Amino acid sequence: MREALSILASATVLPPSATPSGNYRRRHRHSTTSTTTKPRPNHNPKQKPQFPASSPLLSSSRWANRQTLAYYTKLASKLADDGKFDDFLMIAESVVASGVNMSEFLALLESEHLARGIVRLLCDGKLDSLVATLFNGIQKLGVEPVGLFDEVAIESLKAECRRLLKCGELERLVSLIEIFAGFQFIIKELVEPSEFIKLCITKREPTAAIRYAHIFPHAEVLFCSIILEFGKKRDLGSALKAFEASEKILSSPNMHAYRTIIDVCGLCGDYLKSRTIYEGLLAENITPNIYVFNSLMNVNSHDLSYTLDIYKKMETLGMMSDITSHNILLKSCCLAAKVELAQDTYKQIRKLESKGVLKLDDFTYSTIIKVFADAKMWKHALEIREDMLLSGIIPNTITWSSLISACANAGLVEKAIILFDEMLQADAQPNTQCFNTLLHACVEVCQFDRAFRLFQCWKERGSQQTISGDKLNRAYNEAVDQMSEMGVPLRLCSHLTMRVPYRPTTSTYNIMMKACGTDYYRAKDLIDEMKTFNLTPNHISWSILIDVCGGSGNVLGALQILASMRESGIQPDVIAYTTAIKICVKQKKPKLAFKLFAEMKKYQIKPNMVTYNTILRARSIDGSLLGLQQCLAIYQQMRKAGYKPNDYHLKQLIEDWCEGVLQTERRSERQFASHITDFGRQSLLLEKVAEYLQDSNAESLFIDLRGLTKVEARIVVLAVIRKIKEKYVAGKSIKDDLSIILEQQRHGDRASRDESGVGEAVIRLLKHDLALEVIEAGSRTGSDRDNKGSPTNSSLNFEVDEKGSLAETSESPTRRPIILQRLKVTRKSLHQWLHRKTVSSKR
DNA sequence: ATAGGGTTAG
Numbered sequence: 001m002r003e004a005l006s007i008l009a010s011a012t013v014l015p016p017s018a019t020p021s022g023n024y025r026r027r028h029r030h031s032t033t034s035t036t037t038k039p040r041p042n043h044n045p046k047q048k049p050q051f052p053a054s055s056p057l058l059s060s061s062r063w064a065n066r067q068t069l070a071y072y073t074k075l076a077s078k079l080a081d082d083g084k085f086d087d088f089l090m091i092a093e094s095v096v097a098s099g100v101n102m103s104e105f106l107a108l109l110e111s112e113h114l115a116r117g118i119v120r121l122l123c124d125g126k127l128d129s130l131v132a133t134l135f136n137g138i139q140k141l142g143v144e145p146v147g148l149f150d151e152v153a154i155e156s157l158k159a160e161c162r163r164l165l166k167c168g169e170l171e172r173l174v175s176l177i178e179i180f181a182g183f184q185f186i187i188k189e190l191v192e193p194s195e196f197i198k199l200c201i202t203k204r205e206p207t208a209a210i211r212y213a214h215i216f217p218h219a220e221v222l223f224c225s226i227i228l229e230f231g232k233k234r235d236l237g238s239a240l241k242a243f244e245a246s247e248k249i250l251s252s253p254n255m256h257a258y259r260t261i262i263d264v265c266g267l268c269g270d271y272l273k274s275r276t277i278y279e280g281l282l283a284e285n286i287t288p289n290i291y292v293f294n295s296l297m298n299v300n301s302h303d304l305s306y307t308l309d310i311y312k313k314m315e316t317l318g319m320m321s322d323i324t325s326h327n328i329l330l331k332s333c334c335l336a337a338k339v340e341l342a343q344d345t346y347k348q349i350r351k352l353e354s355k356g357v358l359k360l361d362d363f364t365y366s367t368i369i370k371v372f373a374d375a376k377m378w379k380h381a382l383e384i385r386e387d388m389l390l391s392g393i394i395p396n397t398i399t400w401s402s403l404i405s406a407c408a409n410a411g412l413v414e415k416a417i418i419l420f421d422e423m424l425q426a427d428a429q430p431n432t433q434c435f436n437t438l439l440h441a442c443v444e445v446c447q448f449d450r451a452f453r454l455f456q457c458w459k460e461r462g463s464q465q466t467i468s469g470d471k472l473n474r475a476y477n478e479a480v481d482q483m484s485e486m487g488v489p490l491r492l493c494s495h496l497t498m499r500v501p502y503r504p505t506t507s508t509y510n511i512m513m514k515a516c517g518t519d520y521y522r523a524k525d526l527i528d529e530m531k532t533f534n535l536t537p538n539h540i541s542w543s544i545l546i547d548v549c550g551g552s553g554n555v556l557g558a559l560q561i562l563a564s565m566r567e568s569g570i571q572p573d574v575i576a577y578t579t580a581i582k583i584c585v586k587q588k589k590p591k592l593a594f595k596l597f598a599e600m601k602k603y604q605i606k607p608n609m610v611t612y613n614t615i616l617r618a619r620s621i622d623g624s625l626l627g628l629q630q631c632l633a634i635y636q637q638m639r640k641a642g643y644k645p646n647d648y649h650l651k652q653l654i655e656d657w658c659e660g661v662l663q664t665e666r667r668s669e670r671q672f673a674s675h676i677t678d679f680g681r682q683s684l685l686l687e688k689v690a691e692y693l694q695d696s697n698a699e700s701l702f703i704d705l706r707g708l709t710k711v712e713a714r715i716v717v718l719a720v721i722r723k724i725k726e727k728y729v730a731g732k733s734i735k736d737d738l739s740i741i742l743e744q745q746r747h748g749d750r751a752s753r754d755e756s757g758v759g760e761a762v763i764r765l766l767k768h769d770l771a772l773e774v775i776e777a778g779s780r781t782g783s784d785r786d787n788k789g790s791p792t793n794s795s796l797n798f799e800v801d802e803k804g805s806l807a808e809t810s811e812s813p814t815r816r817p818i819i820l821q822r823l824k825v826t827r828k829s830l831h832q833w834l835h836r837k838t839v840s841s842k843r
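Numbering of the first sequence is given in UniProt numbering, commencing with residue 1 and proceeding in unit increments.
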């Protein structure tokens, strides 16, 4: 046979234009090869026979010779039988290249020869366009596939697919599947759809998954599972691609797919996307079904108003809401902590039940119980249990768990434990979350010892390891003693003797670490103990450890833990940093607190409201102006970050500043001057403060508060008073009264009068906080000479100065009367105050 | 085919 081939190779002559790299190959790449399939390199090109031009043997006319054709057909068959597929392919190539009708050649080959040849070549990775061409040729011939692929061929294909699946070679697997896509019976034998989809998901190939799923009947179900699986992997992008691909394949919009992608939006935390998808449906004039509506409500359940809107939309569409819709409404109320609305909703559902429209289920009861549990309304929660029992619904683990947390959240540890006991007696299986709730309840009321006893008891009774009877009894006796001390009857202690499997989780350990109070070593031991249950500390564990360590007074230790956290591969988050900052502030280490604050920003961790409020508590702990200035800068950042500063902390900040005004010694002057320029540019407030504190402005006793909020105004006023005090202490006397300009107010527009409250706040500050004498005055400018609507305090001795700030106001294009309200603190009053303070601080 | 419970910083 080799000889025959070599004769063929040497004797054949073909024009160069007809070489195998010609049209067949190229055309084929565009038609059958999938996008995920890169064309495979051909088998070694060196082995390819070179066909010389104008071969007499292979010319079309000669091929017409049936005898010759039959000979090569036979030769090819033999090669396939012998497993010499490369050579087989070579024959086929020359047949194809010669431009002879291939159908005739293929028809003459016995089908199993061909099939095995093709399958073998495919399995060897020779997903060559010629192989595909041959294969296509068979399909076009209409050869019966059942007859074409015998068991041996299919078996080898299956083996190859299994191998590819195992090795995760999705690309080649897809190529093979693409080729056999026309033969459904083969495809179904090749790969288990769930296995294939699993591989597509790990490889993030949503379109491949959908294309494969499409081969099967009931493809929609497979599409949905693909979308959902991507969602579970938090890969919304791929899920959306899969969804869009399924949309293209399916002729009509599939509600199941829609609800699935909406659920996935929720899973991935992109609830806005779920709204877009829903709006897309409406835009297409398609009415979603109940599942789509319920899923949409559920995904958006943290937004009560949106959920209610969707519910109303369902009503206007005349869609019958079911118990799930109502349960989700309840859940939404629960998340929004709207107890009354939840109660109304519950009553509404009960009414519908009495009409026979719906039947309340375990979800309904558990959810309303949770509403009351969260609101610490434990009695109401227990009442719901009565409703539930009357309606014949048996409480399940979740219901019991919610009931227990109702008592736990209200701080009723005894009641919670008794409920837990009832749960055991009712043969409900408690799970770790129930145990955790109880432990947490103990921790919340600082019964740390009790938490440890329960934990120990459950661990010993519930672990698979054999515990010595002594140890077990000791734990039991101790726990019973404690219960009886608390007045709990022994019959209610079955939770101590139960033998349910107990597996603590990381949460359990986190709760127990909180029960360590400030005993750092005990907490550290717990972290080590976690390993015996194959648990690893999470962000929360580390944060608690920082808190415990810092709470014991060991600030540096706490900072060290923060570093270890990073070293152990868990990047400290905003909470870990905030906890560490809290420790520094508590232990009066403001510098460390500010250092951590700078560090977290270096790591691109955005401070949140809690962080800002915590760091602001570091204000002026050392009484230095620097600390105060840092706090002011942080306050400013907080506003820039979009957080509304907490008035309470702000008030504290300003009070501290006042304190500074009263107590600052000469030494502050230098510090003060060096920091003015730093924050001069940061904001309007800081600019103002800086402006008035500049030495060039030293002689001016004038404050323009226009454009400032009342809080900012207070800060500016205090800054100026501080300056006055600094100057006074330095030996410079006050040369003039202090003038303050307040916001412009349009004459007659009562509604806008001191809307910002600046005037009131400043007057209160000066008069009340600083005990200064304040003269209030108003002035009219513009053309209006009418005396109507004169300022509130016109009687006082205020004079309009013609230059300075008033020049600015006359720039205003309006000719309407404008009233500038002014305040004045007399030189005399300031002097008295300074004298008073200087004397008192010397004492 | 839908939903529910426990743990961290002020």
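Note that the Cβ used here is the ideal one computed from N, Cα and C, for glycine as well.
Quick caveat, the model's predicted, so the values are computed rather than measured.
Q.
By alpha-carbon positions, which one of Thr202, Ile138, Gly182 and Gly517 ends up nearest to residue 854?
A. Look at the range of the chain in this structure, 1 to 843, and you will see that residue 854 is not part of it.
Q.
Considering only their Cβ atoms, is the gap separating Leu148 from Ser111 smaller than 8 Å?
A. Here residue 111 refers to the residue found at position 111 when the first sequence is read from its first residue. Here residue 148 refers to the residue found at position 148 when the first sequence is read from its first residue. Yes. Within cutoff.
Q) For Ile540, does the three-state DSSP call read helix, strand or coil? A) Working through the first sequence from its first residue, we reach residue 540 at position 540. Shown here, Ile540 sits in a helix according to DSSP, grouped into three states.
Q) Is it buried or exposed for Ala337, if we count other Cβ within 10 angstroms and need 16 for buried? A) Taking the first sequence and counting its residues from 1, the one referred to as residue 337 is at position 337. Flag for Ala337 reads exposed.
Q) Can Glu112 be considered in contact with the ligand PLP, in the sense that its beta carbon sits closer than 7 Å to one or more heavy atoms? A) The ligand PLP is not part of this structure, which contains no ligands at all.
Q) If we ignore side chains and look at the alpha-carbon of each, how far apart do residue 858 and Phe196 end up? A) Absent from the model: residue 858. The displayed extent of the chain is 1 to 843, so no value can be given.
Q | Candidates Phe88, Cys200, Glu460 and Leu742, of which the one nearest Phe230 by Cα | A | Position 230 of the first sequence holds residue 230. With distances taken between Cα atoms, Phe230 lies closest to Cys200.
(Q) At the level of alpha carbons, what is the spacing between Arg827 and Ile615? (A) What you label residue 827 is simply residue 827 of the first sequence in a count that begins at 1. What you label residue 615 is simply residue 615 of the first sequence in a count that begins at 1. So the alpha carbons of these two residues sit roughly 38 Å apart.
Q | 8 Å contact criterion, which Gly565 and Ile544 should meet: CB distance rounded | A | The residue given as residue 565 occupies position 565 in the first sequence. The residue given as residue 544 occupies position 544 in the first sequence. Strictly speaking, residue 565 in this sequence is Met, with Gly absent from that position. No, Met565 and Ile544 are not in contact; Cβ-Cβ is about 11 Å, not under 8 Å.
Q) Alpha carbon to alpha carbon, what distance is there between Ile546 and Leu341? A) By one-based count along the first sequence, residue 341 stands at place 341. By one-based count along the first sequence, residue 546 stands at place 546. As the crow flies, the alpha-carbon of Leu341 is around 40 Å from that of Ile546.
(Q) In this structure, how does DSSP classify residue 857 when only helix, strand and coil are distinguished? (A) Residue numbering for the chain in the displayed model covers 1 to 843; residue 857 lies beyond these limits and cannot be assessed.
Q: Measuring alpha carbon to alpha carbon, tell me which of Lys735, Val729, Val610 and Ser756 ends up nearest Arg714.
A: Position 714 of the first sequence, counted from the first residue, corresponds to residue 714. Arg714 has its Cα closest to that of Ser756, out of Lys735, Val729, Val610 and Ser756.
Q.
Per DSSP, what are the beta-bridge partners of Glu776 in this structure?
A. The sequence position of residue 776 within the first sequence is 776, counting from 1. Partner residues in the beta bridge of Glu776, as assigned by DSSP, are Leu823.
Q.
Distance check for Cys123 and Glu160, CA to CA, integer angstroms please.
A. By 1-based counting over the first sequence, the position of residue 160 is 160. By 1-based counting over the first sequence, the position of residue 123 is 123. Using only the alpha carbons, I get a separation of about 6 Å.
Q) Nearest to Phe363 by alpha carbon, out of Ala633, Lys312 and Tyr346? A) One-based indexing of the first sequence puts residue 363 at position 363. Nearest C-alpha to Phe363: Tyr346.
Q. Where does Ser325 land, buried or exposed, given buried means 16+ other C-beta within 10 angstroms?
A. Residue numbering aside, residue 325 sits at position 325 when the first sequence is read from its first letter. By the neighbour-count rule (16 or more Cβ atoms within 10 Å), Ser325 is buried.
Q) How close, in whole Å, do the beta carbons of Trp458 and Tyr509 come, if the pair is a contact with beta carbons under 8 Å? A) As a position in the first sequence, residue 458 is number 458, starting the count at 1. As a position in the first sequence, residue 509 is number 509, starting the count at 1. 13 Å between Cβ atoms; not a contact.
Q) Alpha carbon to alpha carbon, how far is Glu549 from Lys586? A) Counted from its first residue, the first sequence places residue 549 at position 549. Counted from its first residue, the first sequence places residue 586 at position 586. In the sequence under discussion, the amino acid at residue 549 is Cys, which differs from the Glu named in the question. Approximately 13 Å between the Cα atoms of the pair.
Q) Just to confirm, are Arg120 and Ser94 a CB contact at a threshold of 8 Å? A) By 1-based counting over the first sequence, the position of residue 120 is 120. By 1-based counting over the first sequence, the position of residue 94 is 94. It is not a contact, given that the beta carbons lie outside the stated cut-off.
Q: Tell me, please, which residues DSSP counts as bridged to Ser739.
A: For the purposes of this step, residue 739 is taken as the residue at position 739 of the first sequence. As DSSP reads the structure, Ser739 sits in a beta bridge with Phe702 and Lys824.
Q | C-alpha gap between Arg116 and Tyr71, whole angstroms | A | Taking the first sequence and counting its residues from 1, the one referred to as residue 116 is at position 116. Taking the first sequence and counting its residues from 1, the one referred to as residue 71 is at position 71. Rounded to whole angstroms, Arg116 to Tyr71 spans 20 Å at the Cα level.
Q. Span of the alpha helix (DSSP H) holding Thr518?
A. Counting from one through the first sequence, the residue named residue 518 turns up at place 518. Note, Thr518: premise wrong, no alpha helix (DSSP H); not H, not E.
Q) In three-state DSSP terms, what is Glu93? A) To locate residue 93, count along the first sequence from 1; it is residue 93. Correct three-state label for Glu93: helix.
Q: Quick one: residues in its chain with C-beta nearer than 7 Å to the C-beta of Ser829, no 5 flanking neighbours on either side, listed in chain order?
A: Residue numbering aside, residue 829 sits at position 829 when the first sequence is read from its first letter. Excluding sequence neighbours, Ser829 sits near Leu772 and Glu773.
Q: May I have the straight-line CA-CA distance separating Asp344 from Leu329, to the nearest angstrom?
A: Sequence index remark: in the first sequence, residue 344 carries index 344 (1-based). Sequence index remark: in the first sequence, residue 329 carries index 329 (1-based). About 11 Å.
Q. Run through DSSP, which three-state label would Ser709 get?
A. Here residue 709 corresponds to residue number 709 of the first sequence, with the count starting at 1. Per the sequence shown, residue 709 should be read as Thr rather than Ser. Here Thr709 sits in coil by DSSP.
Q.
For Pro217, count the other beta carbons within 10 Å of its own beta carbon; 16 or more makes it buried, fewer makes it exposed. Which is it?
A. Indexing the first sequence from 1 puts residue 217 at position 217. With fewer than 16 Cβ atoms within 10 Å of its Cβ, Pro217 is classed as exposed.
Q.
Can you give me the C-alpha to C-alpha distance between Val610 and Phe597, rounded to a whole angstrom?
A. Within the first sequence, the letter at position 610 stands for residue 610. Within the first sequence, the letter at position 597 stands for residue 597. Their Cα atoms are separated by approximately 12 Å.
Q) In whole angstroms, what is the alpha-carbon distance linking Ser366 and Ile540? A) The residue you call residue 366 lines up with position 366 of the first sequence. The residue you call residue 540 lines up with position 540 of the first sequence. Those two C-alpha atoms are separated by around 27 Å.
(Q) Report the CB separation of Leu170 from Glu205 in whole angstroms; it is logged as a contact under 8 Å. (A) As a working note, residue 170 is residue 170 in the first sequence. As a working note, residue 205 is residue 205 in the first sequence. The beta carbons of Leu170 and Glu205 sit about 6 Å from each other, so the pair counts as a contact at 8 Å.
Q.
Do Leu701 and Leu823 count as a contact pair if the criterion is CB distance below 8 Å?
A. Numbered from 1 along the first sequence, position 823 holds the residue referred to as residue 823. Numbered from 1 along the first sequence, position 701 holds the residue referred to as residue 701. Cβ distance not < 8 Å, so Leu823 and Leu701 don't count as in contact.
Q. Just how far apart, CA to CA, sit Ile154 and Phe223?
A. Translated into the one-based positions of the first sequence, residue 154 becomes position 154. Translated into the one-based positions of the first sequence, residue 223 becomes position 223. Answer to the nearest angstrom: the Cα atoms are 27 Å apart.
Q) Distance, Cα to Cα, Arg66 vs Lys140? A) Numbered from its first residue, the first sequence carries residue 66 at position 66. Numbered from its first residue, the first sequence carries residue 140 at position 140. Looking at the two C-alpha atoms, the distance is approximately 22 Å.
Q | Which listed residue (Leu296, Ile634 and Ala76) has its alpha carbon closest to that of Val264 | A | Within the first sequence, the letter at position 264 stands for residue 264. For Val264, the nearest C-alpha among the options comes from Leu296.
Q | CB of Leu108 within 8 Å of CB of Thr73, strictly | A | Looking up residue 108 in the first sequence gives position 108. Looking up residue 73 in the first sequence gives position 73. Contact: yes.
Q) Could you give the distance in angstroms between the alpha-carbon of Ser354 and the alpha-carbon of Ala381? A) The count along the first sequence starts at 1 and reaches residue 354 at position 354. The count along the first sequence starts at 1 and reaches residue 381 at position 381. As the crow flies, the alpha-carbon of Ser354 is around 21 Å from that of Ala381.
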